[in-house]
Every structure is written in structure tokens, then in C-alpha cells.
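Following: one structure in C-alpha cells, then a few remarks.
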Amino acid sequence: MPGLLTLAYLIGSITFIVGLKMLSNPATARKGNLIAAAGMFIAIAGTIFLYEEDGARLHNYGWIFGGLFIGTVVGVLAARKVKMTAMPEMVSLFNGMGGACAMLISIVEFDHLTNGTTTISITKLIKDAVGQAALSGDISIGESFGNPTGKYLIILLGLIIGTVSFAGSMIAWGKLNGKVKDFSFNGQHIVNLAVLAAIVIASAWLLYDVHQQFNSGNGGWTSYPSNTALPDIQFQSMRDTGLINTLFYSILALSVVYGVMFVMPIGGADMPVVISLLNSFTGVAAACGGFLYDNPVMLTGGILVGSAGTILTILMCKAMNRSLKNVLIGSFGGSTAAGGGAKVEGNYKEINIADAAVVMRYASKVMIVPGYGLAVAQAQHVCHELEKLLEEKGVEVNYAIHPVAGRMPGHMNVLLAEADVPYEKLEEMETANAAMAATDVVLVLGANDVVNPAAKTDPASPIYGMPILEVELAKMVIVNKRSMKPGYAGIENALFFQPKTSMLFGDAKSVLQQLVAEVKTL
Amino acid sequence: MTAILDFLQLHIEMVYIVILSVFLGIEVISRVPSVLHTPLMSGANAIHGVVIIGAIIVMGKAEADNYLALVLGFLAVILGTLNVVGGFVVTDRMLEMFKKKK
Chain A
27 MPGLLTLAYL
37 IGSITFIVGL
47 KMLSNPATAR
57 KGNLIAAAGM
67 FIAIAGTIFL
77 YEEDGARLHN
87 YGWIFGGLFI
97 GTVVGVLAAR
107 KVKMTAMPEM
117 VSLFNGMGGA
127 CAMLISIVEF
137 DHLTNGTTTI
147 SITKLIKDAV
157 GQAALSGDIS
167 IGESFGNPTG
177 KYLIILLGLI
187 IGTVSFAGSM
197 IAWGKLNGKV
207 KDFSFNGQHI
217 VNLAVLAAIV
227 IASAWLLYDV
237 HQQFNSGNGG
247 WTSYPSNTAL
257 PDIQFQSMRD
267 TGLINTLFYS
277 ILALSVVYGV
287 MFVMPIGGAD
297 MPVVISLLNS
307 FTGVAAACGG
317 FLYDNPVMLT
327 GGILVGSAGT
337 ILTILMCKAM
347 NRSLKNVLIG
357 SFGGSTAAGG
367 GAKVEGNYKE
377 INIADAAVVM
387 RYASKVMIVP
397 GYGLAVAQAQ
407 HVCHELEKLL
417 EEKGVEVNYA
427 IHPVAGRMPG
437 HMNVLLAEAD
447 VPYEKLEEME
457 TANAAMAATD
467 VVLVLGANDV
477 VNPAAKTDPA
487 SPIYGMPILE
497 VELAKMVIVN
507 KRSMKPGYAG
517 IENALFFQPK
527 TSMLFGDAKS
537 VLQQLVAEVK
547 TL
Chain B
5 MTAILDFLQL
15 HIEMVYIVIL
25 SVFLGIEVIS
35 RVPSVLHTPL
45 MSGANAIHGV
55 VIIGAIIVMG
65 KAEADNYLAL
75 VLGFLAVILG
85 TLNVVGGFVV
95 TDRMLEMFKK
105 KK
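For the record, the sequence lines run as chains A and B. Per my numbering, residue 27 is the first one in the first sequence, and the count goes up by one each step. Per my numbering, residue 5 is the first one in the second sequence, and the count goes up by one each step.
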């Protein structure tokens, strides 16, 4: 009953819209996620049991359920086991899986369209031909199947976007968990552009060739009876498939190269933006599948994510005061390598655990600035412990959350929420900055670029213009870091050399544990 | 050119869906607080897993002797499922942590 499937897809599309809407409000977010998941389930079940093409149901149920089972088990395990710090990597990895899925679909559909033969019943053929004859007064068997150029275009788009998203996500995943290092060479942007141009040219060539073959009637769409006794005719859609196949697989290879090269030079500070962008890419690739199969739920789901993901990407860029174009060209890594930003020299002073504990215990207002160092050390629980301890002793403790602290926007919120830090204690950047002057001690935990004053003072710095947490306004700053090494963006931080700043070296977790023990004795 | 125009005409309803969905996506997202950026990205990530439907169709149509379609289709189903299931579960885990807030 095809009507039922249409209904399933309609429900799916609506739940995606409602789900996304609810996801953007803290009170309804969790429900929204579940609603979208329910809609997805309905759409998938509907496809499995109700989908029909030319009156034929799907088969290979064993394979389908096998794949669904393996994917579900692995997916649930991976998602349940992953640590909160590794969340951004996980999202990137799942995103890559979606991109790879779109890529594989395109390969199979391309192969089917180009190298496969289609068997069509004479009855349907005559029906089509007669219908066409009535319209145009002229019968052409090939025409009744339509020009395949558009279909090739959609397949190519799905292939290119899906593959770039897959390859890029894998690199982003490797970068976030430290397996892949930043890599760039002179003129990389030119090479990237050349690869992109090659992809476009090869695609245009392929489409042109398909179009020519179709128009000349030379290769494609020649019919030959498979068996004269049977009323079925087999068609090979393209006769001259050599060039088309070569071009297609070259485009596939070039897309992999482009995806890798696209993410490779982009520095860490931009990784959230890149993941969000690749996320919207995969959405568009899914939407290409929607076009290919005339499938409304794939189309709405894909395009929604594509546009919402793009907006999210732009919001993130805004938070860092950089343009999307700037990020895309990857100038961050480039300008840093070229020595952008003034060299910061000077002496810094260290503080020991006991002194730091005393200073914080007898302060009246403490502000904690969490960063990636906190996340990587899994120190959110002990951080909350320190906060509670200080509060018990009458110190007012709050958290200043920079929108792009950590590796993803909202990363710190999620992390601290995991440790049961009350929501009211998390202050957004504007509020926190306003309170900074009245703060006695700022404790910076593994954050660097988001408190770097160069963003305000040094026009040559790659992060110039990014809004920062103005911790230097407070009376005293204690910075916990593992070493003096620059942060993820690779820029020196003048804050560490200021007279009111003291450095407290060590892993965030062990430092916080020692601080807790120390404060308890005071 | 005519081929593209023909294709456009053949799929004009889809083109309308695309354009309206673009604006809908922008509208739905534009007022999200930064606290929810990560879960939202993750949720959107799960939703584009809808590409699994394409994988199921590919798999379900594959003839028994078409090994390319069978193998790649099977892989696509696994990867698509990973995207959907993993995406929704991770998002739920993130949002679970917000539940104690009013």
C-alpha cells in the first residue's frame, strides 16, 4: 500500500522539523531528540516493509537486517562507552559514516545506471511509447526512458559531497584525538583549488559525454531483444562506458584527496567550525539521495540539516569573529605558520598548590575558566568538588564559559553538566566579563586562546577580533596548564607574563585534587 | 542545458521542498542558545542519517549476482545505521545531563 509509505515519510519529515525545533530549547531538547528518533524509526520501517519499485517489493531482507543489527549494536556500544571529552570526535566519526553511506549509494547507483542492463516488459514499453506518441506524434524507444544526464548529475553531487564529508570527517576525527597532526605546505591552497577544479572539470566532462551519447543515439539506449520468444527487452543504457567509468572513479579518488587536504591544514581552533560544516555537507549528500529516489523524507531531512548546519557554522564563526571564507581557505594554519602575531617574551611566575589554595580560600569571589585542559584531564568532577568546598567556606564561585572553549561550542556546558554543576553557576561570556572586575581570583583551567589578550590588542594575531574572557580585569589570575607550550591555535599568550598572573603547572585533575585536599585543611 | 531544465521540470515539487526546507532550517536554528550548540549539532548529525533509507533501497533492489551492489549496499546499511543510532544515542546522553535543570 504505497499510501501508507507516503504517510510514514510525511510523519518522518514532520518529526525532523519538530525535533530540530525542540532541540534548540533547553527545556524540550531531550524530547525533541526522541521525537526525531521515533520519526526516523517509522521512516526506516516503512521503507523496509512498504517500499515498492515498479510493483516489486525489496528483497535481500537477510542482508538488510544483518546490516541494521551490526550497525545498531556497534553504534549503541560506541555511543554509550564514549567519554564526554571524546564527544566531538564521536560526532565527527558518525558524520563520516553518513558521508560514506552517501558515497556508497552513489557508487552502486552509478554502476547500475552505466554498466547494468535494464529489463523492461514490452507492455510497459508500448504503454510509455503510446503515451508519448499521443503527446509528440513520434515514437522513440530511448526517449521514453528520459535523458539520464540529470540523474548522473545528482549521483555525482552525492558522490562528491559525501566523499569529501567522509574523508574530511575522518581527518577531523584523527586530529581531535591526536592521531593526525596539522600538516600544510606552501601553496597548499592553490593545490586544493586545483583539485577542486579537476573535480568540477571531470564531472562536467562526464555529464557532457553522457549527454552526447544519449543525443546521438549512438551508444546508449539501443535496444536488442534478449530472447525473441519473450516479450521482454533488455537495454544497456550506455554503450561506450569506458570513459564514463574512468572519469567517475577519478572523481571519487579526487574527492577523497580533496576531503583530506581540505581539513589537513586547518588549525585546532577551527575544528568545531569544520565539523559543523562537514555535518551540513552530509545533510546535502543525503538530500541528493532524496532526489535520486524521489524520496521526500531523505530530501527534507537532508536539506534541513544542510541549512541548519550552515547557520550553526556561521554562528560559530561569528563567536570567533571570523568569516566562513577565512576558515574555508584555511588561512588560520597558514598565517600562524607564516609567523603571524607578535612574539611574546618575558618572565612568568609560578605559584605552588598551598599558596593557590590559600588565595582562593580567602577570596570572596572566584571565577573558574574551564578549557580543553579540563576536559582532557577528565577533571570536571573534582572541579565541582573544589567549587562546592569553596562555597561551603563562604567563597562565591562561578564558571565563565567562553562559547568556543574546548573543542566544540557548548563543550564546557556539557562537560560541567555531567559533573552536576548547577546551570546557574555557568555564566556566559558577556555576564562573566561584566563581573570580572569584582572578582578576586580567576582560575584558568587548561584554557588558553579564549583568554588571550592578543585577540584585543594585537592586530597581527591570527585570533585578533575574537571576543575573549577578559580575565586580566580580575585582581589575580591563576593559570593551570601542563606546560608553557602554546594553545591549540599555536599562539603565544601574553596573559601568562602579566604581573598579576601566576602559573600553576600540572595536569588539571591532579592539581585540582591537591587543591581540594589543601583547601580542606584551611 | 535542456536536460537540466527537463530534470528540473520533472522534479519541480522536490525543488520547492528544497527551497522551503532551506528557509525552515535557518528559521528553526537561528535562536538557539550556545549551551545547546553541541547537542544540536549532534542531533542534526543523527537526522542526516536518514541517508540510510537510500542504503536500504540499494540493498533491497540488488540482484543476487550483483556483488558490487550487495557488498557496497551492505556496507552502506551498516554505516548509515551507525550514523542514525550512534547519533541519537550520543545526543540523548548529552541531553540527559541537562535533565536536572528546571
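Glycine is no exception: its CB is placed at the ideal position from the N, C-alpha and C atoms.
Might you give, ordered along the chain, the residues of its own chain that have their beta carbon closer than 7 Å to the beta carbon of residue i, omitting 5 neighbours on each side?
i: residue 46(B); result: 91, 94, 95, 98
i: residue 49(B); result: 91
i: residue 224(A); result: 280
i: residue 90(A); result: 74
i: residue 130(A); result: none
i: residue 73(B); result: 62, 66
i: residue 37(A); result: 65, 68
Residue i: which of the options sits nearest, CA to CA?
i: residue 522(A); options: 270(A), 537(A), 414(A), 472(A); result: 472(A)
i: residue 230(A); options: 183(A), 312(A), 528(A); result: 183(A)
i: residue 484(A); options: 502(A), 518(A), 453(A); result: 518(A)
i: residue 495(A); options: 381(A), 461(A), 93(A); result: 461(A)
i: residue 351(A); options: 235(A), 59(A), 296(A); result: 296(A)
i: residue 391(A); options: 424(A), 353(A), 120(A); result: 424(A)
i: residue 27(B); options: 50(A), 43(A), 52(A), 51(A); result: 43(A)
i: residue 316(A); options: 47(A), 28(A), 73(A); result: 73(A)
i: residue 125(A); options: 311(A), 503(A), 65(A), 235(A); result: 311(A)
i: residue 440(A); options: 65(A), 64(A), 57(A), 113(A); result: 113(A)
i: residue 380(A); options: 273(A), 498(A), 542(A); result: 542(A)
i: residue 205(A); options: 196(A), 527(A), 212(A); result: 196(A)
i: residue 192(A); options: 181(A), 180(A), 121(A), 232(A); result: 121(A)
i: residue 527(A); options: 389(A), 373(A), 232(A); result: 373(A)
i: residue 272(A); options: 235(A), 241(A), 293(A); result: 235(A)
By Cβ distance, which residues of its chain are closer than 8 Å to residue i, with the 5 residues on each side in sequence left out?
i: residue 545(A); result: 383, 386, 387, 412, 415, 416, 419
i: residue 5(B); result: none
i: residue 40(A); result: 65
I'd like the list of long-range same chain contacts for residue i, defined as Cβ closer than 6 Å, with 5 residues on each side in sequence excluded.
i: residue 306(A); result: 332, 335, 336
i: residue 426(A); result: 393, 395, 453, 458, 495
i: residue 86(B); result: none
i: residue 532(A); result: none
i: residue 432(A); result: 398, 401, 438
i: residue 52(B); result: none
i: residue 502(A); result: 467, 526
i: residue 45(A); result: 58, 61, 62
i: residue 409(A); result: 538
What whole-angstrom Cβ distance do residue i and residue j have, given they're in contact under 8 Å?
i: residue 302(A); j: residue 339(A); result: 4 Å
i: residue 217(A); j: residue 287(A); result: 7 Å
i: residue 330(A); j: residue 25(B); result: 5 Å
i: residue 323(A); j: residue 284(A); result: Not a contact, Cβ separation roughly 29 Å.
i: residue 436(A); j: residue 42(B); result: 4 Å
i: residue 44(B); j: residue 202(A); result: That belief does not hold up - the Cβ atoms of residue 44(B) and residue 202(A) are roughly 19 Å apart, past 8 Å.
i: residue 507(A); j: residue 492(A); result: Not really, about 19 Å apart at Cβ, beyond 8 Å.
Per DSSP, residue i forms a beta bridge with which residues?
i: residue 440(A); result: In DSSP, residue 440(A) forms no bridge with anything.
i: residue 531(A); result: 507(A)
i: residue 425(A); result: 394(A), 452(A)
i: residue 190(A); result: According to DSSP, residue 190(A) bridges with nothing at all.
i: residue 470(A); result: 395(A), 505(A)
i: residue 207(A); result: Looking at the DSSP assignment, residue 207(A) forms no beta bridge with any residue, so it has no partner.
i: residue 78(A); result: 83(A)
i: residue 544(A); result: Looking at the DSSP assignment, residue 544(A) forms no beta bridge with any residue, so it has no partner.
i: residue 375(A); result: 528(A)
Could you list which residues in chain A have their beta carbon closer than 7 Å to that of residue i, in chain order?
i: residue 57(B); result: 69, 70, 73, 321, 323, 324
Taking Cβ-Cβ distances shorter than 8 Å, what residues in chain B pair up with residue i?
i: residue 112(A); result: Within 8 Å Cβ-Cβ: nothing; residue 112(A) doesn't reach chain B, min ~10 Å.
i: residue 387(A); result: Simply none; closest approach about 28 Å.
i: residue 437(A); result: 42
i: residue 444(A); result: 101
i: residue 337(A); result: 29, 30, 33, 34
Nearer than 7 Å: is that true of the beta carbon of residue i relative to any heavy atom of the ligand GTP?
i: residue 316(A); result: Among the components modelled here there is no ligand, and therefore nothing to report on the ligand GTP.
Give me the chain B residues within the contact set of residue i, using Cβ-Cβ distance strictly less than 7 Å, ordered along the chain.
i: residue 126(A); result: 83
i: residue 133(A); result: 76
i: residue 47(A); result: 32
i: residue 493(A); result: Within 7 Å Cβ-Cβ: nothing; residue 493(A) doesn't reach chain B, min ~12 Å.
Run through chain A and tell me which residues come within less than 9 Å of residue i, C-beta to C-beta.
i: residue 60(B); result: 70, 73, 74, 77, 84, 90, 93, 94
i: residue 96(B); result: 56, 59, 60, 63, 105
i: residue 16(B); result: Correct list: empty, because the minimum Cβ distance to chain A is about 12 Å.
Determine the chain B residues that contact residue i at a beta-carbon separation under 9 Å, and present them in chain order.
i: residue 33(A); result: By Cβ distance, chain B contributes nothing, its closest Cβ being about 15 Å from residue 33(A), past 9 Å.
i: residue 297(A); result: Result: empty, since nearest Cβ-Cβ is about 12 Å, beyond 9 Å.
i: residue 137(A); result: 70, 72, 73, 76
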